[in-house]
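Residue numbers (my numbering), protein chains in the order written: chain A, 10 to 354; chain B, 9 to 300.
Idealized CB from N, CA, C, for every residue including glycine.
None of the values given here were measured: they were computed from a predicted structure.
Heads up, the thing below is written out as structure tokens.
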Amino acid sequence: MVTTDNSQDIIAQRRAYNETLMQAQDKTRATWFPIALLALLILLPLLQLTGTNYNYVIHLTLYTMCYVVMASGWNILGGFAGYISLGHNVFFAVGGYVAGMLFARLGISTIILAPFAGLVCAALGYVIGLITLRVRGPSFIISSLALVMIFRIAFENWHFIGGAAGVALPANGLPVEWAKLPYYYAFLAMAAFALWASYKIKHSKFGMGLRAISVDEIKAESAGIDTRFYKVLAFALSAFFVGMAGAVWGEYLTYIRPNIFLVILISVNMVLMCILGGKGTVAGPAVGAILIIAFNEFFVATLGASTVNILATGVIMAIALIFFPLGLVGTLARHRKLPRILNWD
Amino acid sequence: MAEIIQIVVLGLALGGVYALMGSGLSLVFGVMRIVNLAHPSLIMGGAYVAYWGFRLYGIDPLIMLPVAAVILAATGVILYKLFFEREARSAKYSEMTVLLTFAVAMILEGGLATAFTNTQRVTSPEYATDAFFIGSVFIPKGQLYAGIVSLVLIGGLALFLKFSRFGYAIRATTQNREAAELLGVNVNFVGLASFAIGVGLAGAAGTLVSFVFSFYPSKHWEWIAVLMSLVVLGGMGSILGTVVASFLLSVIAAFVGYYFGATWSTLTFYIALFVVLLVRPQGLFGEKPELA
């Protein structure tokens, strides 16, 4: 017979054991690294003071951080919950257009509008998720593709938002070496926030639920998880991040046009970054973003044609899918060879 | 009234081409459970075979059809060996193959665009711009011929599946892979052969596409969702369903195009895809709602 004291003991023992496990896990983590990285990125624009113009470096870093935000957002749905969407650039476009149109009409900077645009996208994502998350697997992927096509046709024919020609946005009046900096810091803040949020989500009950869904949805449901609500919420959250990135991206480019936002390559990039870096890990999307953008720059710089870039992206995607379905971070972690600086989970 | 007949005729004429474009996709899904997103880019490959045959040697696209079918079927064998054979044992097979075929589509698009540029192409045999007149209703010859050829091909495929021994094996594998294997069907070879046949059909469809539509490598993105809507509405794996869905949707699209403008007619397919996936994921003739 188990007495009350005894069971208390057992619980205390288990807590202590969990504590030691946590400590062991903490030891494999290098918390200083993300902080150092953040500090380095904050200080990076000081390069401009040296006299030489480092706009290209700033642009590439900014571009990478934009994709870190988007890929981390995609990862919430695609990585944690296992629902692969090829249509997330819809939210990139909606975010860009909501913030861009308000910026053009009212003159409020998109950096301030970004959270609002993100919320609009989250609401839209919630509604779309309610509809499309009724199907799973290949059907869901196909429906996400159709979504892009529908939005593309709608955006190209809606005259209020400029149709296929889009809308030009005013550039900021800063001198050329400082003009990129507001957007740079905006994307830096968003990327840091996205990574922090995906860490928090992964370690919450919600994140556990999503992982259960990705492994076996029926078992997750019978274990008492409200799978429908979880999935739709994951969809909305991922739309929020992608939409925020789109909002600032529009002002950074100084024009919004359907064929910037609603091209399939953008959603492919999001998917590819997560697969290459490691789906369902926190560091994966960031690692993937750096790799893919480095590849893209390399191909465009050496071969000079965007068609070759598409070919190369396809080849990388196929190789990653066949040989490293867990991604770089996932594969290294499985073989217990993940360097401590990349253990962000 | 004459207008309505005209719209229906134009819709049906295009429906035949769509049916052939979709049937290969449907066959491959039925047997292999591969959602082949690369199908439209393989059709593009067939279109380029027809285009260069016509451009360089003046060969009629309809004569190039078997050539394109064979070339593409060979491509299909290579693709299958490279990408899909080893994945057949993976747990998340169906989902994995969607992404893999997506990668293949990008490789094909990039390859075709690098080799032949993204210029808009079209083959122009005389019948492509000619038409028959019955009263005031006109029937474009190109689309009519394309429709007839594709119905003949689909009919041939249906007879092959229905009456040949190998057709039995393919249908048995479609119905139940394990049971077919137990009864001595070499399911791996059936998979390879039906993938090759499906891709060969894409090549044949490509030659028809080359004079019915204009094409360029990145256009396949527009076709993916169109073809998917046909296959999903018909019921994934059902070739009869795909044919019925092609005629149905292309007539509806013709009406939409007539009353609301040409840009909205393609929207018909995308919205149909959405509605079918949500209301009746197994489609018109699909039996197993396993995708839902």
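- Annotation for B/ILE147: the continuous beta strand (DSSP E) segment containing it runs 145-148.
- Collapsing the DSSP output to three states places A/TYR135 in a helix.
- B/SER102 reaches chain A at GLY146, PRO147, counting residues in chain order whose Cβ is nearer than 9 Å.
- Assigned with DSSP and collapsed to three states, A/ILE222 falls in helix.
- About 19 Å separates the beta carbons of B/LEU80 and B/GLY38, which is beyond the 8 Å limit, so they are not a contact pair.
- For B/ILE15, the enclosing alpha helix (DSSP H) stretches over residues 10-40.
- DSSP places B/ILE142 in the strand class (E or B) of the three-state scheme.
- When C-alpha distances from A/VAL66 are compared across A/SER315, A/LYS189, A/ALA203, A/PRO334, the shortest belongs to A/LYS189.
- The C-beta separation of B/ALA166 from B/VAL198 comes to about 17 Å, leaving the pair out of contact by the 8 Å criterion.
- Of all C-beta pairs linking the stretch 280-298 of chain A to the stretch 68-86 of chain B, fewer than three are shorter than 8 Å, placing the two stretches out of contact.
- Between the stretch 179-187 of chain A and the stretch 244-259 of chain A, the count of C-beta pairs closer than 8 Å stays below three; the two stretches do not touch.
- Contact between B/ILE15 and B/ALA210 does not hold, since the beta-carbon distance rounds to 28 Å and is not under 8 Å.
- One finds nothing in chain B with a Cβ atom closer than 7 Å to the Cβ of A/VAL241; even the nearest lies about 14 Å away.
- A residue is called buried when at least 16 other Cβ atoms come within 10 angstroms of its Cβ; A/ASN352 meets this threshold and is buried.
- Ranked by Cα distance from B/TYR88, the options A/ARG349, A/THR340, A/ALA327 are led by A/ALA327.
- Put simply, of A/ASN84, A/ALA206, A/PHE101, A/ILE265 the residue whose alpha carbon is nearest the alpha carbon of A/ILE93 is A/ASN84.
- Judged by DSSP secondary structure, B/GLY84 falls within the alpha helix (DSSP H) whose first and last residues are 69-87.
- Fewer than three pairs of CB atoms, one per stretch, sit closer than 8 Å, so the stretch 104-113 of chain A makes no contact with the stretch 221-241 of chain A.
- Here B/GLU186 is exposed. Its C-beta has fewer than 16 other C-beta atoms within 10 Å.
- In this structure, B/LEU18 is the residue among B/ALA280, B/LEU275, B/SER237, B/LEU18 with its C-alpha nearest to the C-alpha of B/ALA139.
- Cβ neighbours of B/TRP231 within its own chain (closer than 8 Å, five residues either side excluded): MET29, PRO48, ILE51.
- Across the structure, B/VAL78 and B/GLY208 are spaced so that their CA atoms are roughly 6 Å apart.
- For the options B/PHE91, B/VAL25, B/GLU11, the alpha carbon positioned closest to that of B/LEU256 is the one of B/VAL25.
- In the three-state scheme derived from DSSP, where H, G and I count as helix and E and B as strand, B/ARG173 is classed as helix.
- Counted as a single uninterrupted DSSP element, the alpha helix (DSSP H) harbouring A/LYS240 occupies residues 236-262.
- Residue burial annotation: B/LYS227 is buried, with at least 16 other C-beta atoms found within 10 angstroms of its C-beta.
- B/VAL284 and A/PRO54 have their C-alpha atoms some 51 Å from each other.
- B/THR182 sits close to B/GLY245, with the two beta carbons spaced by under 8 Å.
- Listed in chain order, the positions of the stretch 47-81 of chain B with a beta carbon within less than 9 Å of a beta carbon of chain A would be empty, since no residue qualifies.
- A straight line joining the alpha-carbon of A/GLU260 with that of A/PHE270 spans about 13 Å.
- The beta carbons of A/ALA126 and A/VAL176 sit no closer together than 8 Å.
- In this structure, A/LEU156 places its C-beta atom within 8 Å of the C-beta atom of A/ILE137.
- Residues of chain A with a Cβ closer than 9 Å to the Cβ of B/GLY214 do not exist, since the nearest Cβ in that chain sits about 19 Å away.
- 8 Å or more divides the Cβ of A/SER247 from the Cβ of B/PHE282.
- Here A/ILE302 carries a helix assignment [DSSP, helix/strand/coil].
- Per the Cβ contact rule, the stretch 45-65 of chain A is not in contact with the stretch 118-135 of chain A (fewer than 3 Cβ pairs under 8 Å).
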